Amino acid sequence: MDGSGILKGLGVTFKRLIETYVDDFKRGKQRYYTEEGIEYRRSAEVKGIFTVQYPEEKLPVPEEFRFVPFLVGEEQEDGTLDPRCTACGICTKVCPAQCIWIVRAKDPKSGRPRPKPAEFYIDIDLCMNCGLCAEYCPFDSIKMDHDYELATYDRFADDVLDLQKLLKPVSYYAEIRPRNYEREEEARRKAEEAKRKAAEARAKARAAREAKKKQAKKE
Amino acid sequence: MSEQTVMLQNEEELLLSRFPEVVKKDERKGYEGYVVEAKALRDFATTLRDELGYDYLSSVTGVDYLPEGKMEVVYHAYKTTGGPALVFKVQVPREKPVVPSLVPVYPGADFQEREAWDLLGIKFEGHPNLKRILLWEGFHGHPLRKDWREPYFEEEHKPYKSRFPEGKFFRAEDRNPFAKNVDYPAGFDPDKWIPDNSNALIYEGLGRVEKADDDLPTEQIVVNLGPQHPSTHGVFRMVVTLDGETIVDLEPVMGYLHRNHEKIGERNTWLMNMPFTDRLDYLAPMSNNFGYALAVEKLLGVKPPERAEYIRVIMAELTRIQNHIFAIGMFLNDMGAYFTPSLYAIEERELILDVFEAVAGSRMMVNYFRFGGVARDIPEDVMKKIHELAFERLPRRIDELDRFLTGSEIVRVRSEGTGVLTAEQAIAYSAAGPVLRASGVPYDVRRADPYSIYDRFDFDVAVRYHGDVYDRYLIRMDEVRQSIRIIQQALQQIPEGPIMAGKPQYQHRVPAGEAYGRVEGPKGELGFYVVSNGKGNPWRYHVRAPSFINLTALAEMTKGQKVGDVVIILGSIDIVLGETDR
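Right, here's the structure in full:
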C-alpha cells in the first residue's frame, strides 16, 4: 500500500517522542543534573533524550582520555615540585608536531650537562594530542592531561606552556589516571626489588670471594 | 605448488614472452612486479586488462628517485574476481618525465594521473584533461619532488635539531611572517592573474556556453555548487553544466583542504605518521591506522600477536559501523529529512566513540595502532560495553533504522533509479567499496585478498545490483549487519595474551624496499604505498584515498540527471574531504 512505509517511519519517531516523556516521568528529577543521570543517558540502555547540557552537565572522561601533556613533579617537603624529567629528549624526538622544546640544565661549575630540564616549552597550539610523548617517556615524567577547557584570551601569552605551567604534582596524576599510576608504581617497586636483590647477591658473592682469598692467603 | 602460484607463473611467462626486451621483472631488492618501457605501456596494460583479467586499476602514483635521476610511476592492478596485485612500473628520466596516459585503457586513472602531474610533475601523454587537481595554478613547482622545498622550510627530516638539547622556543609566525611564506612562479602575480580559457568557467562562477538547437534555441548554463555548500560536508565544488535542469557535464573541483599529507609524511619518522593518518578520513580513523600499520609491517616483517589481531578487527569493524550509520544519517540530511534521521544515527555513533575514547584516548584522532600490535589493551569494563553493543543494542537499533527509512516512499521515490552506475562503469572508473558493490560487483578486500585474520570469520560480502542511490543506501545497511556479525565472532574467539610483538619502539629500522598495504575501509579500498631507503623516514608515502578516487565516477553518475539530485548522488558516494584533499 502506498504510504505504509511513511506511516511505519512516523511510528518510529512517534515512539521515540513518547519514550522521552515516559522516561522523564518515570525517572523524575534524578535524570538530569545528577551523576547517575548523566551516566544513564550515555549508557546503552538509555531511552528517550540522551543529550547532555554542557557546561552545566559534563560527561566524565575515561582514564585513557588525553589532552595536551603535562609534566609530573614529585612533591618536595618545602612545597615545590621537582620534575621527574631527566631531559633525555625522547619526547622531542617522537613528537609528530615538533612542539616540545627542552633546554638541558648545565652544572654551573663544570659546565657539563645535568639530567634535569632548565627550560621546557610546549606550544599547545601545535600539539596534536597524539600522546606519543607520554607513551614513550621512559621515566613516566610526561603524561596526558584530562583538562579540556583551554580557551584563553591571548594565545601568545597563554598557549605556550613553560616549565612552571606544565608541572603538576604526582597526586594529581594518581587521581586522574589511577590504574596507570598503580601499574607504574607496581613496575617501579618490582624493578627496585630486583635491583636490591641483585645488589645483595653481588655483595654476597664479593664476600664469598674475599673469604676465599683470605683463606688462600692463610694457606 | 598451489593453483595460484601456477597461475601467476603462467602469467609471468606470457607477459615476458609477449613483450621481450621492453618488459622486465623488477630485480631491486625488496621490490616486486614488472618494469615496463614507456613506449610499451599501453599495450602492456591492454593485455593485462583483456587477456589476463586485471580489469581493476586500483592505484597510480609516482616516486621521485632523486639519487638515481629517475621518476617512476607505479601501478597496482587487480582482478575483480579476487587475488593479489599485479604491480608494474614505468621509469623515465627526471629531466623529462613523460609517460603515456592509461586513461584510454583504465578511465579510473584519470584523477590519479592528474594528481601525479600536480604533485610530481610527471606528464601523461594523451590524458584528456591534464591539469592541476589539488593545488592551484599559482603554485610554484611540484611539491613531492625531493628537491622541492617549502618557503618555510626548516629541515629535511624530523626530529628537528632546534628542539633539543638547546631548545630555544620560537614561534613559526616569527620565522615566516605572513605573506612571506608563499612562493609564486616567476612572473606570476596573483592579483593580475586571469585564468586561461579552459578554467575560465570554473573560476568565474556563473558562466554561459552557447548552444543552438534547431527547433528550440536553448543555452547551457554553468552553475557552481560549492565550495561552500551544505551538501558537500566540507569545502568541495561541483561545476555543473546544465541544459535546463538536466546535467550535461560535471567537474569536481577539490583541494581546498589540501595540506600535502604525503610530503608531511615523508618528513616524518615512520611512527609519527600514525597520528597523521587519523586526520585523513576522520570518520574512520581506525581503518586508516590499520592500512598504514599493514604497509609498514610488510616492510618490517613483523606480525602482531593473536590478541592484537582480534582487537584490530573489532576496532576496524566498529569504525565501519559508525561510519556507515553516520553516512546514512547525513545522506538523509542531504535528501531533505533534516536532522531527525542523522541524530538517530549519531546516537549510536556516540556510543561507539565512547568505546574509542576509553580504549585509545580520543574519540576521533585515535592513534591506536602500532607496528606489531596496538597501543594498549581493551579494559575489562569497555569489553563489556562492546559486548552489549554488538549483541544487543546495535542489532536492535539497525532494525529500527531499517523500519524508519528503508520502506519510506519518499526515500524510495527520491533515490531509486537516480545516479545509476553500471558494473562495467564502476570497474572501469576504479570505484571502490560500497559504490562498487552497490553496482553488482561483489569485490571486498576482506574476502578478495584477505589481510589480518579476516579469513577466519564467517560473513557475506554485501552486494546490490541496481547501482543507484537507493542501493548505495541499502548496501551500507547490509554492511553494518555483516560487521556486527564479525564483531560477535571476534568477541567470542578473542584470546588472552600480549598486544605487542616485541618491545615498543619509537625509532624503527625499516629495511629498504616497497610495500603496499590495503584494507577495506568504510569508503572503499584504502591503500598505503610506502618506499623505504633504509633510513628513519619513508622515502615515499602515498595514500590511495577511496573518497578521492570514487569521485572519478561522479560525472558519469550525474550525467542526464536533474540538478536537484546532484546533492544526494554526492551524498551516496560518502566522501570525507580530509581524505579527498589530503
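Quick mapping for you: the protein sequence lines, in order, are chains A and B. Under our numbering, think of the first position of the first sequence as 91, with each following residue one higher. Under our numbering, think of the first position of the second sequence as 6, with each following residue one higher. Just so it is clear, CB atoms sit at the ideal spot from N, CA and C, and this is done for glycine as well. Keep in mind the model is a prediction, meaning the values are calculated, not measured.
- Residue state for L406 (chain B) is assigned as helix, using DSSP reduced to three classes.
- Not a single CB atom of chain A sits nearer than 7 Å to the CB of G583 (chain B).
- With three or more CB-CB distances shorter than 8 Å, the stretch 218-235 of chain A counts as touching the stretch 154-168 of chain A.
- Restricted to the stretch 240-292 of chain A, the alpha helix (DSSP H) segments that are unbroken, complete and at least 4 residues in length are 245-248, 253-256 and 260-266, listed in chain order.
- Between L135 (chain B) and W122 (chain B), the C-beta spacing is below 7 Å.
- It is roughly 26 Å from the alpha-carbon of V187 (chain B) to the alpha-carbon of D249 (chain A).
- Unbroken alpha helix (DSSP H) stretches of 4 residues or longer found wholly inside the stretch 256-313 of chain B: 266-272, 278-283 and 290-305, given in chain order.
- Cα atoms of D339 (chain B) and F24 (chain B): separation of roughly 51 Å, rounded to the nearest angstrom.
- Any Cβ of chain A closer than 7 Å to the Cβ of Y534 (chain B) would place that residue at the interface, and such an atom is absent.
- Taking the CA atoms as reference points, D92 (chain A) sits about 35 Å from L394 (chain B).
- The bridge partners DSSP lists for P159 (chain A) are A:M234.
- Of the other Cβ atoms in all chains shown, fewer than 16 fall within 10 Å of the Cβ of W198 (chain B); this residue is therefore exposed.
- Scanning chain A for C-beta atoms nearer than 7 Å to the C-beta of E171 (chain B) yields V193, reported in chain order.
- Secondary structure of P232 (chain B) (DSSP, three-state): coil.
- At the C-beta level, G532 (chain B) and R549 (chain B) come within 7 Å of one another.
- Under the three-state reduction of DSSP, R549 (chain B) is assigned to strand.
- The Cβ-Cβ distance between G522 (chain B) and P551 (chain B) does not fall below 7 Å.
- Taking each of B:Q566, B:T557, B:L582 and B:L285 in turn and checking the Cα distance to E256 (chain B), the smallest one comes out for B:T557.
- Distances from the CA of E311 (chain B) to each of B:V466, B:P500, B:L337 and B:D115 were compared; the closest alpha carbon is that of B:P500.
- Judged by DSSP in its simplified three-state form, W191 (chain A) adopts strand.
- Among the CB atoms of chain B, one or more fall inside 7 Å of the CB of C220 (chain A).
- Per DSSP, L62 (chain B) lies in no alpha helix (DSSP H); the unbroken beta strand (DSSP E) holding it starts and ends at Y61 to Y70.
- Taking 7 Å as the threshold, the shortest C-beta distance from V158 (chain A) to chain B does not fall below it.
- Judged by beta-carbon spacing, D476 (chain B) lies beyond the 7 Å limit of H263 (chain B), meaning their Cβ atoms are not closer than that value.
- In this structure I326 (chain B) is in contact with V485 (chain B), their Cβ atoms being roughly 5 Å apart against a cut-off of 8 Å.
- Listed in chain order, the non-local C-beta contacts of S457 (chain B) below 7 Å within the same chain comprise E314, R317 and V318, local neighbours out to five positions each way being set aside.
- By the beta-carbon neighbour count (other beta carbons within 10 angstroms, threshold 16), M12 (chain B) is exposed.
- Contact with chain A is absent for E311 (chain B), since none of that chain's Cβ atoms lies less than 7 Å from the residue's Cβ.
- Counting the other CB atoms within 10 Å of its CB gives I391 (chain B) a total of 16 or more, which places it among the buried residues.
- The Cβ atoms of T182 (chain A) and R402 (chain B) lie no closer than 7 Å to each other.
- Residue-level contact by beta carbon fails for A281 (chain A) and chain B, as no gap is shorter than 7 Å.
- Shown here, H81 (chain B) sits in a strand according to DSSP, grouped into three states.
- Using a 10 angstroms sphere on the CB of P156 (chain B), the tally of other CB atoms stays under 16, which defines it as exposed.
- Any Cβ of chain A closer than 7 Å to the Cβ of Y165 (chain B) would place that residue at the interface, and such an atom is present.
- DSSP, read as helix, strand or coil, puts A520 (chain B) in strand.
- Taking all protein chains in view, the Cβ of A224 (chain A) is crowded by 16 or more other Cβ atoms within 10 Å, so the residue is classified as buried.
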